[in-house]
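Colleague:
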Amino acid sequence: VAIYTHWPHVDGGIIQVSRSCDSDMVSLATRLDKLEHLLKYAQEWNFQVLDDVSRRTGRIVKITRIFDAPGFSPRKQLSIASIRKLGALSGQWESLYPQTLGVQLFCHVPKVLRGLLDHVIVPLFPARLTEKTRVIAPRERADDRAALLAWIGEGDVGAVWLPKYLGGTAEL
Numbered sequence: 001v002a003i004y005t006h007w008p009h010v011d012g013g014i015i016q017v018s019r020s021c022d023s024d025m026v027s028l029a030t031r032l033d034k035l036e037h038l039l040k041y042a043q044e045w046n047f048q049v050l051d052d053v054s055r056r057t058g059r060i061v062k063i064t065r066i067f068d069a070p071g072f073s074p075r076k077q078l079s080i081a082s083i084r085k086l087g088a089l090s091g092q093w094e095s096l097y098p099q100t101l102g103v104q105l106f107c108h109v110p111k112v113l114r115g116l117l118d119h120v121i122v123p124l125f126p127a128r129l130t131e132k133t134r135v136i137a138p139r140e141r142a143d144d145r146a147a148l149l150a151w152i153g154e155g156d157v158g159a160v161w162l163p164k165y166l167g168g169t170a171e172l
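The numbers in our numbering rise by one with no breaks, and the one at position 94 of the sequence shown is 94.
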């Protein structure tokens with residue numbers, strides 16, 4: 001899974017972007033146990049950054065996690081085992097690092113998979129994660145793009161760090 005982590009502003013939150021075309025969830029299921037400690041280190045780094053920014057600025061900042069899903073391939077990206085394992089890890093992280101996730105966004109989900117996402121995948125997430133999950137299409141819908149920029153925050157800085165494929169101006 002390719003997760004691109006951005007910290008666009010020294011006094012802002014963290015943006016994590018993952019694209020379905022860069023991910024192979026099926027093979028991840030077989031390697032997740034070996035990668036778990038690296039994911040924990042990354043989560044600790046996220047927590048340290050958010051804690052530092054929150055203490056320095058006096059306002060709580062959080063992670064905006066974005067999963068961009070155009071070209072989603074069920075053969076490469078659909079693994080119930082991976083979804084369960086990542087859901088369990090996310091639940092553990094929410095317990096260890098409560099309230100670090102601001103919102104988790106699924107963008108540009110193909111219509112045929114929307115029902116699968118709503119009725120199979122998201123229900124496998126812990127309740128704390130489900131309530132922070134949204135499905136949007138910022139390239140096609142101006143209100144979704146505005147909402148995405150609001151979640152990212154930092155005014156115009158958000159658009160500069162938002163990848164073009166999500167409606168921003170960054171070359172990623």
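Even glycine gets a Cβ: it sits at the ideal position worked out from N, Cα and C.
Extract the residue ranges of the beta strand (DSSP E) inside the stretch 62-150, only unbroken runs of 3 or more that lie entirely within it.
Modeller: Entirely contained in the stretch 62-150, the beta strand (DSSP E) runs reaching 3 residues are, in chain order, 63-68, 101-107, 133-136.
Colleague: Where does Gln104 land, buried or exposed, given buried means 16+ other C-beta within 10 angstroms?
Modeller: One-based indexing of the sequence shown puts residue 104 at position 104. Answer is buried; the Cβ neighbour count reaches 16.
Colleague: With a CB to CB cut of under 6 Å and the five nearest residues on each side skipped, what residues in its chain are close to Leu32?
Modeller: For the purposes of this step, residue 32 is taken as residue 32 along the sequence shown, with counting starting at 1. Hits under 6 Å: Lys85.
Colleague: Should Pro138 go down as buried or exposed, given a rule of 16 or more other Cβ atoms within 10 Å for buried?
Modeller: Walking along the sequence shown from the start, residue 138 turns up at place 138. Label assigned to Pro138: buried.
Colleague: Let's test the definition: count the other Cβ atoms within 10 Å of the Cβ of Leu38 and tell me whether it reaches 16, buried, or not, exposed.
Modeller: Counted from its first residue, the sequence shown places residue 38 at position 38. The residue is exposed, with fewer than 16 neighbouring Cβ atoms inside 10 Å.
Colleague: Can you find the residues in the same chain that come closer than 6 Å, C-beta to C-beta, to Pro70, ignoring five residues on each side of it along the sequence?
Modeller: As a first step, residue 70 must be located in the sequence shown, where it is residue number 70. Excluding positions up to five away in sequence, the list reads His108.
Colleague: Should the stretch 54-62 be called in touch with the stretch 8-21, which here means at least 3 C-beta pairs below 8 Å?
Modeller: Yes, they touch.
Colleague: In the DSSP assignment, find the beta strand (DSSP E) that holds Ser20 and state where it starts and stops.
Modeller: Taking the first residue of the sequence shown as 1, we reach residue 20 at position 20. From DSSP, Ser20 is part of no beta strand (DSSP E); its letter is neither H nor E.
Colleague: Drop a sphere of 10 angstroms on the beta-carbon of Val17, count the other beta-carbons inside from all chains shown, and report buried for 16 or more, exposed for fewer.
Modeller: The count along the sequence shown starts at 1 and reaches residue 17 at position 17. Answer is buried; the Cβ neighbour count reaches 16.
Colleague: From the DSSP output, in three-state form, read off Thr5 for me.
Modeller: For the purposes of this step, residue 5 is taken as residue 5 along the sequence shown, with counting starting at 1. If DSSP states are grouped into helix, strand and coil, Thr5 belongs with the strands.
Colleague: Between Arg141, Ala170, Ala88, which has its C-alpha nearest Ile121's C-alpha?
Modeller: Translated into the one-based positions of the sequence shown, residue 121 becomes position 121. When each option's Cα is compared against that of Ile121, the closest is Ala88.
Colleague: Compare the beta carbon distance of Leu129 and Leu101 with 9 Å and say whether it is the shorter of the two.
Modeller: If you number the sequence shown from 1, residue 129 lands on position 129. If you number the sequence shown from 1, residue 101 lands on position 101. In this structure, Leu101 lies closer than 9 Å to Leu129 by Cβ.
Colleague: Quick check: the Cα distance between Ile80 and Phe125, rounded to an integer number of angstroms?
Modeller: Taking the sequence shown and counting its residues from 1, one reaches residue 80 at position 80. Taking the sequence shown and counting its residues from 1, one reaches residue 125 at position 125. Computed Cα separation, rounded: 11 Å.
Colleague: Could you work out which residue in Phe47, Lys132, Lys34 is closest to Ile66 when comparing CA atoms only?
Modeller: Locating residue 66 in the sequence shown gives position 66, counting from the first residue. It is Lys132.
Colleague: On the DSSP bridge list, what partners appear for Phe14?
Modeller: In the sequence shown, counting from the first residue as 1, residue 14 sits at position 14. The sequence shown places Ile at residue 14, rather than the Phe named in the question. Answer is Ile63.
Colleague: Pull the bridge partners of Ala170 from the DSSP assignment, please.
Modeller: Translated into the one-based positions of the sequence shown, residue 170 becomes position 170. In the DSSP output, where bridge partners are listed per residue, Ala170 has Pro163.
Colleague: Around the Cβ of Asp181, are there at least 16 other Cβ atoms within 10 angstroms (buried) or fewer (exposed)?
Modeller: Since the first and last residues shown for the chain are 1 and 172, residue 181 lies out of range.
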